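Residue numbers (our numbering), protein chains in the order written: chain A, 1 to 338; chain B, 1001 to 1431.
Glycine included, C-beta positions come from ideal geometry on N, C-alpha and C.
Predicted model only: the values in this text are computed from it and were never measured.
Notes follow once the structure below has been shown.
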Amino acid sequence: GSIGSLTVTADSAKHISSEAIVLSKKPFTSKDSSTYELNFMQAKPVRGFYKIIISAKPSKEDKKLLGLTGAEVEVKVTTQVSIENVEIGVADKDQTTAARTTKVQYPGKASTVFEADYHQKIIVKFQLKDKADGTKMSAHQTFLKLTNQKTNQEIIFVADAASNKFDLDIGSSAGQFGHLSGKYSMELIIGDAVIENPFSWALGEVNLNFPEGQTPKDKGLDRYAKKPEIKHLFREPEKRPAAVVSTVFTFLVLAPVLILVLLWMKIGVNVSNFPMSLSAVGFHLCLAAIFGLYYLYWVELNMFQTVRYLGLLALPTFIFGNRLLSGIASKRKGEKKV
Amino acid sequence: MLRFSLFIAICVCSVLANKRTLVLVDNWSIRETHSVFFRTLRDRGFELTFKTADDSSLALVKYGEFLYDNLILFSPSVEEFGGSLDVAAITNFIDGGGNVLVAASSDIGDPIRELATECGVEFDYEKTAVIDHLNYDIKDQGKHTMIIADSKNLLDAPLIVGSKNINPLLYRGVGMVADPENPLVLSVLHASSTAYSFSPDKAIDDYPHAVGKNTLLVAALQARNNARVVFLGSLDFFSDEFFTFSVQSGMSNKQFPKSGNEDLALSLTQWVFKEKGVLRVGAVKHNKQGEKEPPQAYTVFDMVDYSIEIEELKDGKWKPFSGQDVQLEFVRIDPFVRTTLKNSNGKFHITFKLPDVYGVYKFQVDYNRVGYTHLYSTTQVSVRPLQHTQYERFIYSAYPYYTSAFSMMVGVCVFSLVFLHFKEEPKEKKE
């Protein structure tokens, strides 16, 4: 049901971080039966978070109503920030201030490209001002972001909060850059919960030079990528001599046979003593068969078949040969006797 | 009757295989604030068991078997798990193949941070948040911690994140960093370059835990046993509120009627609970070209046919896999041959020539791609050198040797005839 009209008062409004009390016992104005308004900004509060403690008093005392005092409401007062006196400079590592600094105005960009070496440092100075009352202010986020223009890698540095100054030692932070020399674009990121206009401002470009030799280590094989194809390289067959060489030597090899035949013809050769016995014929046939088997082995048989046939042929060859030779021996002995 | 009910029970068990899920919450109100998320999980067949994180009856293992297949940890602020559960038990669960979905928040407690460190992901300390002064939502409560993550910051992996063409995502919670050297952790969603992870109430005096694009909002890990773990720093990401909120940046006027949270949550849960991106191997066949059965041993220089069937789980059914980059390696300690297999409707095949080196080889298919389970199939075969009859029989350069051998044989035959049976002419009488 309706509670009737109430007198609502802001007992106090306290700035959370500075603990300053901005308001005390300020009444709310009633808009309609259940809405009450307070113009907080009239008190010109400084930026930040405030805790407002509210109490309400009903026109008629009512013991049933609870929660009439000590209600807390959090309010945020925002402001716009302006950045001034921005200076960028390159100095040697041991110096504290840069010899020459370039002033840049927001939202412009430095006209020249800065050059920095690994034994130098980059100094960026700036000042943040509250646009509402012109006082100096600090922001939660004061970052300097350098982006490698080729690889799009981003390296972010944090400013010194008290002095609002960046002191970038190139040599010692080389690892973060992956030792990649080249052009980097510089951006200043300013942000805070109470800032209405946070920004990421491109200040300028800097050319960083890292010592040679520290090449960035190879990323290594991406384990999720397709691996390179491998085609096996078959061993090249050995080179063979020209066909002519083989032909010539083949005929050369046949020459001794020719010489044998010719010389035999010269001295007169015969086989008149051929005994015409089974053993003689058998022996010579078996011997020829063995050599024929070798020829077949060369042309189409394999080792196992050859050895088997050889085994078969060996026995008769031996028996015939033995009988033939003993026959010849006994014949010779007989002739001698006579 | 008994047999019938037993049959039904077995059917139910097999259907629910993979779907038994334990959900741990900080307090029971999460069941209501995240009701849409849980309802969609139930609609997909998951059997959800809700328990508070410090319940003294918590157990993942009973009599040596896991009671659940999946674990959802929506209990960021737990200080100590109850029952037999602790970080070691959860890592044991992951080692046993269980999948875990972990959501944290700015009230993160030590156990969740420890679990994440075990998996290669580092959460920031408690009471910190991901702050982005240039990408916060207009509904933010003042500290710029309710941030908008653009869908272009998602990983290029449609299996894990679904379509990248979704509305921007709302996020409020703690940030993570992943070790860049860890090859198994995937940065699924990272924050914009202007974001950072720090305590919103303290001035920055130290280098923040995470700055810019290194700040991970969603990280995923697929362990070597294919168990999947997903970490999100924002429990609110899954809440009904965030699913239905409109997205409007405090800095620009672009407005989206609904956040992309529900779409991303659907894709992530499909991936982490093994509904998507799961492969399996069917039949593996190999034989000499032209034959049906594999021989006892292959010979060098043989032409070999190899085929493998790979299937992918799609909508609960196994369908032929449509990948085009599956490779076969023929390995004897080091790979001698590596070729891409041709895909004919799930049957991957290739014909190739065996190397001229003999030995014991393996047909190895090792398929590792983002979002898919690791597929590994190996078949061992022997490759023998040429038989003595498989060399060239008639080499022209050897003809001198052939002729010398055969001429020697002929010579022996003829000579033996002549030598044995030669009849000397009787000597002429000398006058």
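- Here Gln1380 (chain B) is near Val1360 (chain B), since their CB atoms are less than 8 Å apart.
- A check of alpha carbon separations from Ala1297 (chain B) across B:Phe1348, B:Thr1244, B:Pro1335 and B:Leu1354 identifies B:Leu1354 as the nearest.
- Only those residues of the segment 1365-1399 of chain B whose C-beta falls short of 7 Å from the nearest C-beta of chain A are listed: Asn1368, Arg1369, Val1370, His1388, Thr1389, Tyr1396, Ser1397 and Tyr1399.
- Shown here, Met1146 (chain B) sits in coil according to DSSP, grouped into three states, outside any helix or strand.
- Per DSSP, Phe1242 (chain B) lies in no beta strand (DSSP E) segment; the continuous alpha helix (DSSP H) that holds it begins and ends at Asp1240 to Thr1244.
- At least 8 Å separates the beta-carbon of Phe318 (chain A) from that of Gly282 (chain A).
- Closest by C-alpha distance to Thr1340 (chain B), out of B:Gln1141, B:Asp1334, B:Gln1364 and B:Val1185, is B:Gln1364.
- When C-beta atoms of the segment 1084-1100 of chain B are compared with those of the segment 1142-1151 of chain B, fewer than three pairs fall below 8 Å, so the two segments do not count as touching.
- Using a Cβ-Cβ cut-off of 7 Å, Lys336 (chain A) is close to nothing in chain B; its nearest Cβ partner there is about 14 Å away.
- When the five nearest sequence neighbours on each side are left out, the beta carbons in the same chain lying within less than 6 Å of the beta carbon of Glu115 (chain A) are those of Asn207, in order along the chain.
- Thr35 (chain A) counts as exposed, since fewer than 16 other beta carbons sit within 10 angstroms of its beta carbon.
- Assignment of beta-bridge partners to Leu1184 (chain B) by DSSP yields no partner.
- Uninterrupted beta strand (DSSP E) stretches at least 3 residues long and entirely within the segment 1014-1061 of chain B occur at 1020-1025 and 1047-1052, given in chain order.
- Taking 8 Å as the cut-off, the Cβ atoms of Ser138 (chain A) and Ala110 (chain A) do not count as close.
- In this structure, the beta-carbon distance from Leu1264 (chain B) to Val1161 (chain B) falls below 8 Å.
- By the beta-carbon neighbour count (other beta carbons within 10 angstroms, threshold 16), Phe1394 (chain B) is exposed.
- Secondary structure at Pro256 (chain A): helix, using DSSP grouped into helix, strand and coil.
- If you compare the alpha carbons of A:Ser59, A:Lys51, A:Asp92 and A:Asn148 with that of Val75 (chain A), the shortest gap goes to A:Lys51.
- For Phe318 (chain A), no Cβ of chain B is located within less than 8 Å of the residue's own Cβ.
- Under the three-state reduction of DSSP output, Tyr1399 (chain B) falls in the helix class.
- Val1370 (chain B) sits in coil when the DSSP states are folded into three classes, being neither helix nor strand.
- Residue contact with chain B for Ile88 (chain A): absent (no Cβ-Cβ distance below 8 Å to any residue of chain B).
- Contact check for Leu128 (chain A) against Lys136 (chain A) passes: the beta carbons are separated by less than 8 Å.
- Proximity of Gly1359 (chain B) to chain A, defined by a Cβ-Cβ separation below 8 Å, is not satisfied.
- Partner residues in a beta bridge of Asp1179 (chain B), as assigned by DSSP, do not exist.
- Secondary structure within the segment 36-65 of chain A: the beta strand (DSSP E) runs of 3 or more consecutive residues, fully enclosed, are 48-58 (chain order).
- Residue contact check for Phe114 (chain A) against chain B: no CB pair falls below 8 Å.
- For the pair Pro228 (chain A) and Glu1291 (chain B), the Cα-to-Cα distance works out to about 30 Å.
- For the alpha helix (DSSP H) assignment, the segment 107-178 of chain A encloses no uninterrupted run of at least 4 residues.
- Residue-level contact by beta carbon fails for Phe1243 (chain B) and chain A, as no gap is shorter than 8 Å.
- Closer than 9 Å at the C-beta level to chain B, one finds these residues of the segment 131-159 of chain A: Ser138, Ala139, His140, Gln141, Thr142, Phe143, Lys145, Thr147, Glu154, Ile155, Ile156, Phe157, Val158 and Ala159.
- For Tyr224 (chain A), the nearest beta carbon of chain B is closer than 8 Å to its own beta carbon.
- Annotated as distal: Gln42 (chain A) and Val90 (chain A), with beta-carbon spacing of 8 Å or more.
- Look at Ala1265 (chain B) here: in three-state DSSP terms it is helix.
- Interface flag for Asp1325 (chain B) against chain A is set, since a Cβ pair is found closer than 8 Å.
- Between Asp1156 (chain B) and Ser1163 (chain B), the alpha-carbon positions lie close to 9 Å from each other.
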